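Protein chains: 2
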Amino acid sequence: MLIHGPIARGELGRRLGLSPASLTRLSRPFLDHGILVEGQERQDGAVGRPVKPLDVRVDAQRMLGVKITGEHVFGVVTDLRATVGASATTRLAGHGVDDVLDGIQKLIDDLDAHDVAAIGASIGGKVTGSSLVVRAPFLDWHDVDLGTAIEERFGRPATVENDVVALTTAEQWFGHARGVDNFSVVTIGAGVGYGLVVHGRQVITSDTGLGLGGHFPLDNTGPLCIDGHRGCSSAMLSIGSMCSSAGVGLGRSVDYDELLALAAEGNAVARQVVETSARALGRLIAASANLAMVDIVVLSGEGIGLVEVAEDVVRAAIESDRDPDALPVQIRRTDADFTSWARGAAAVAIESGFGLIPSAATLR
Amino acid sequence: MLIHGPIARGELGRRLGLSPASLTRLSRPFLDHGILVEGQERQDGAVGRPVKPLDVRVDAQRMLGVKITGEHVFGVVTDLRATVGASATTRLAGHGVDDVLDGIQKLIDDLDAHDVAAIGASIGGKVTGSSLVVRAPFLDWHDVDLGTAIEERFGRPATVENDVVALTTAEQWFGHARGVDNFSVVTIGAGVGYGLVVHGRQVITSDTGLGLGGHFPLDNTGPLCIDGHRGCSSAMLSIGSMCSSAGVGLGRSVDYDELLALAAEGNAVARQVVETSARALGRLIAASANLAMVDIVVLSGEGIGLVEVAEDVVRAAIESDRDPDALPVQIRRTDADFTSWARGAAAVAIESGFGLIPSAATLR
DNA sequence: ATGAATAATTTCTACCGCGAAACTAATTAC
DNA sequence: GTAATTAGTTTCGCGGTAGAAATTATTCAT
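Protein chains in written order, with the numbering used here: chain A, 445 to 808; chain B, 445 to 808.
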């Protein structure tokens, strides 16, 4: 219901292979608890008693999602479908846990989010148990139990997840891959992230959170990344790397927006840089489609504007690496908005909250 | 039990979260029907009543697996764990369905396999519904209902599957990835095949059976494949392509065994060809590990001898494309034996047979 | 032998979810 | 207003499953 929207008891019963009687019984406790509500009766002119679709009461609770980076904390308040209501940013005073907690406190004040039901946090790095930050290079953290720290400070349930994992969850539940069983996610920003959902479940391994998607080799004539890989996805696609490459050619430093603008208006250097990156992105997308056997790739992150400027180059690169008999790869692009990271954190909090309400029996 | 081997009722109950009472009840019908047997009592010197492990009666039935190519049919007779007992080959008289059925008849006679419980067939091409061959380029077949044809001719249940899918199933159930949740399979032979298992289930898409794994770009300076891809996995790794490359350099034609032998003894041309292919294979393995998020890759197919001759090159290529922080990729190599293809077909037949015995209730 | 320990079985009961069938509710068609 | 139609509810019993407790089986230790 969260994913697909309002649905009548009867229709839901048919989909689940249950009788109408069972649906009455099963839905009652959720209605009693205010988790579900009956929607408006349909006015479609058909004969018979009109249906009263059930829906999740999406505004029953608000959620706070925060994305933590080395310098800032970004926060969004969402409803139960991870629709963003308000967003805010605050700068971190330092890299301590208390600095981060203070940042979250500031966000809560600024967003007037004192009433949120739960807090989800996401962070670049390895996270286990939806709470423990095993490693977060940007904050130089090791084995910090951030989830518990947030719960203690703010007195509400908290979930912590890797940022790419969280964003992938958001796309799967509420975003551009809602209800899709197999897809991958590529994020472009300060680095390159890669998430994968197969058989309706995100693939999580012990490597998850190490940022491996960021160092996939794409162009053996490309520049070096910080780890010394030539032409890896970070080297080819991260905002910093693209701006540096353009800066060399242009003889002055440019920021990402300017680079894209220059490319759009035909500047040769900018065009070259952007197209080289676009080709690399196309190769990455095609490789994911070929080897992970997905045919939908969601693109996200604040560096996604690249695709807008050079979409044809991306598509051409995909095609040249993809068998013509294969299903075409669907590219789904999210907004280039940084809030999508914080929204991902909120989505994880929502998911885990609903995980706590698994059956009618427990509500009874 | 098929996958993990004998296990006592008590231990099985603990693993499944069931009481000993339930396990007695649930296992009885299987024992009554002879599907399970009690094994030998343990003699470990521990006090108490000794355990009587349960096991699948692996020789309760025999299975016939056949692999169909454009020129031959290969057959193996196996037990219920897909252990190969006997194998045979026969040449096809033509490309008609009847020619294939005649070939299978010949195999049954040669293998004395008149008593097999079921027949599994595998074929290079797209197959749906475990029966319908949608497309099989080597036989120029379109929409041939081979499964039904086999059932009618031989009067026993038949399953038909794509050859790579079948081989992957065999590795997952009975082979080198027994009980592993996430792994991929790369086959090297006349072409290159790619199979993927995630979350314990093989990934099957509408592209499955089109041989897409065979045209993944690996080396943009490599030779062309039959479809005009430069340096794709087929061009770099298929037996025919490797032999052609070597033949150009050597000034005479060589077969695969000779090529590998020459490379092993240090012939410069052969070494160069084999190492170039080994590097390409390493890149393919690394790409699969990176993008499909697996850390076990099973190598199979009759062209796998390449790895024996140049394993260090393969490993070096994997490492250069893989983050050093990531889990190392485990390579598991099957025999270079062609029977593994036919064994795959048998594995599918076993799997579908056991799919027909899903619960104690149906046996009662 | 006897007792302790462990495995497996039997017996018995609880219970739980499901759906058939009958019923109520709310609409349109005439 | 009445009939037809479809949605949803209530009642009630069936079927199936599980496990607690007692029992039986089989070993080792002494």
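Each residue gets a CB set at the ideal place from its N, CA and C atoms; glycine is no exception.
Everything numeric in this text was worked out from a predicted model, so none of it was measured.
Contacts around residue i, its chain only, beta-carbon distance under 8 Å, and the 5 residues preceding and following it disregarded
i      : result
A:V578 : G569, K570, V571, T572, H586, D587 and G653
B:C810 : Nothing can be reported for residue 810 of chain B, as the shown portion of chain B is limited to 445 through 808.
A:D584 : H539
A:S697 : C687 and G691
Within chain A, partners of residue i - CB distance below 8 Å
i      : result
B:R723 : Simply none; closest approach about 12 Å.
Neighbour list for residue i in chain B, Cβ cutoff strictly below 8 Å
i      : result
A:L771 : T649, S650 and D651
A:D739 : T649 and D651
For residue j and residue i, believed in contact at Cβ under 8 Å, the rounded distance
i      : j      : result
B:L446 : B:V520 : The pair is not a contact, with the Cβ atoms about 18 Å apart (cut-off 8 Å).
A:R776 : A:V742 : 5 Å
A:L662 : A:L704 : Wrong, their Cβ atoms sit about 20 Å apart, outside the cutoff.
A:D559 : A:R506 : 6 Å
A:V504 : A:I479 : As written in the sequence, residue 504 of chain A is Ala, which differs from the Val given in the question. Indeed, because the Cβ distance is near 7 Å, the residues count as touching under 8 Å.
B:S639 : B:V629 : In the sequence as presented, Ser is not what sits at residue 639 of chain B; that position holds Gly. The pair is a contact, with the Cβ atoms about 4 Å apart (cut-off 8 Å).
B:L545 : B:A532 : B:L545 to B:A532, Cβ: 16 Å. No contact.
Beta-carbon proximity list for residue i, same chain, < 7 Å, skipping 5 on both sides
i      : result
B:T631 : V608, L611, G637, S744 and G745
B:S574 : G591, T603, V604, E605 and S796
A:F582 : T513, G514 and G568
B:F389 : The structure shown does not extend to residue 389 of chain B, since chain B spans only 445 to 808, so no value can be given for it.
A:D589 : S575 and L576
Within chain B, partners of residue i - CB distance below 7 Å
i      : result
A:A731 : A731 and L735
A:R645 : H643
A:L640 : M737
Same chain, Cβ closer than 6 Å to residue i, five either side skipped, listed in chain order
i      : result
A:G461 : none
B:A754 : V718, E719 and A722
B:G547 : V517, T534 and L536
B:A561 : Q505
A:P601 : A562
A:V792 : G564, T603, E605, A610 and T613
B:E702 : none
Contacts that residue i makes with chain B (C-beta to C-beta distance below 9 Å)
i      : result
A:A654 : Here residue 654 of chain A turns out to be Leu, not Ala, going by the sequence shown. Within 9 Å Cβ-Cβ: D767, D769 and A770.
Interface partners of residue i on chain A, CB under 9 Å
i      : result
B:H620 : Those do not exist, as B:H620 stays about 19 Å from chain A at its closest Cβ, beyond 9 Å.
B:L662 : Correct list: empty, because the minimum Cβ distance to chain A is about 10 Å.
Nearest neighbour of residue i, chosen from the options [CA to CA]
i      : options                           : result
B:I670 : A:A761, A:H620 and A:D767         : A:D767
B:R674 : B:V629, B:G691 and B:F660         : B:F660
B:V690 : B:A712, B:C676 and B:G672         : It should be noted that the sequence gives Ala, not Val, for residue 690 of chain B. Checking every option, the nearest Cα to that of B:A690 belongs to B:A712.
A:E485 : A:L470, A:Q505, A:H643 and A:P450 : A:P450
A:V495 : A:P464, A:L694, A:G672 and A:G639 : A:P464
B:I894 : B:A730, B:T513, B:L694 and B:Q549 : It is not possible to answer for residue 894 of chain B, since the shown part of chain B is limited to 445 through 808.
B:G684 : B:D556, B:G633 and B:V757         : B:G633
A:G509 : A:A530, A:L498 and A:R493         : A:A530
B:S784 : B:G693, B:T613, B:G635 and B:G672 : B:T613
B:G483 : B:P497, B:S471, B:H477 and B:F474 : B:P497
A:I794 : A:G658, A:D523, A:F598 and A:F782 : A:D523
B:F598 : B:I748, B:R469, B:D553 and B:F618 : B:D553
A:R645 : A:Q616, A:A708 and A:L656         : A:Q616
A:I594 : A:H643, A:G619, A:T527 and A:D542 : A:D542
B:A780 : B:I748, B:V528 and B:S466         : B:I748
A:T778 : A:L656, A:R759 and A:G619         : A:G619
A:G672 : B:F474, B:E709 and B:S764         : B:S764
B:Y700 : B:D651, B:G655 and B:V751         : B:V751
B:V481 : B:V502, B:G693, B:L694 and B:R469 : B:V502
Chain-ordered chain A contacts of residue i [CB-CB under 7 Å]
i      : result
B:H659 : D767
Is there contact here, the region 535–547 of chain A with the region 784–793 of chain A, by at least three beta-carbon pairs under 8 Å? With the cut-off at 8 Å, the region 535–547 of chain A and the region 784–793 of chain A do not touch.
State whether the region 598–605 of chain B contacts the region 557–569 of chain B, with contact taken as three or more CB pairs (one from each stretch) at a distance under 8 Å. Yes, they touch.
Three or more beta-carbon pairs under 8 Å between the region 671–683 of chain B and the region 719–726 of chain B, yes or no? Touching, per the Cβ criterion.
Whether or not the region 662–675 of chain A and the region 764–778 of chain A are in contact is what I'm after, with contact meaning three or more pairs of Cβ atoms, one per stretch, closer than 8 Å; do they touch? Short answer: they don't touch.
Counting beta carbon pairs with one atom in the region 730–739 of chain B and one in the region 730–741 of chain A, are three or more of them shorter than 8 Å? Yes, the region 730–741 of chain A touches the region 730–739 of chain B.
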